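Undergrad: In the working numbering, the protein residues as written are 75 to 181.
All C-beta atoms in this analysis are idealised placements derived from N, C-alpha and C, irrespective of residue type, glycine included.
Since the structure is predicted, the reported quantities are computational estimates derived from the model, not experimental observations.
Structure below; questions to follow.
So this is what it looks like as structure tokens:
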């Protein structure tokens, strides 16, 4: 299991909460396997987990679900690039958190 595999599995999954449950499980696994980047994985875990807590028992508009998934996938792309050496992971994590705070906070 690595971050790229989890990211690509999320991208290819359906827009429902099951995809977020799977992503949160993957992040929990990565937190134990790669402690050096645990804060990065924990942030993604919390985003995914919060989405599930907010929306798992609600009928969600498909456009909203797609928007939420695109937003999280964009964050994952930023973090994947950092983990592959394009940027320091801590800097990328700061950019993701800043973008989340400036955005619509859907999860």
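(1) Whole angstroms are fine: how far does the CA of residue 108 sit from the CA of residue 162?
(2) Do you know offhand how far residue 124's Cα is from residue 156's?
(3) What three-state label does DSSP hand residue 165 in the structure shown?
(4) Going by CA-CA distance only, name the one from 89, 106, 126 that's closest to residue 95.
(5) CB-CB under 6 angstroms to residue 166, same chain, minus the five flanking residues each way: which ones, in chain order?
(6) In the DSSP assignment, the alpha helix (DSSP H) including residue 154 goes from what residue to what residue?
(7) Less than 9 angstroms between the C-beta atoms of residue 130 and residue 106, yes or no?
(8) Using the Cα positions of residue 168 and residue 89, report the straight-line distance between them to the nearest angstrom.
TA: On the basis of the supplied data:
(1) When only Cα atoms are considered, residue 162 and residue 108 end up about 15 angstroms apart.
(2) If you take the alpha carbons of residue 124 and residue 156, they lie about 23 angstroms apart.
(3) DSSP places residue 165 within a helical segment (H, G or I) once states are collapsed to three.
(4) For the set 89, 106, 126, the Cα lying nearest the Cα of residue 95 is the one of 126.
(5) Counting only Cβ-Cβ distances below 6 angstroms, and skipping sequence neighbours, we find 152, 153, 156.
(6) Bounds of the alpha helix (DSSP H) holding residue 154 are 136-157.
(7) No.
(8) Cα-Cα distance, rounded: 26 angstroms.
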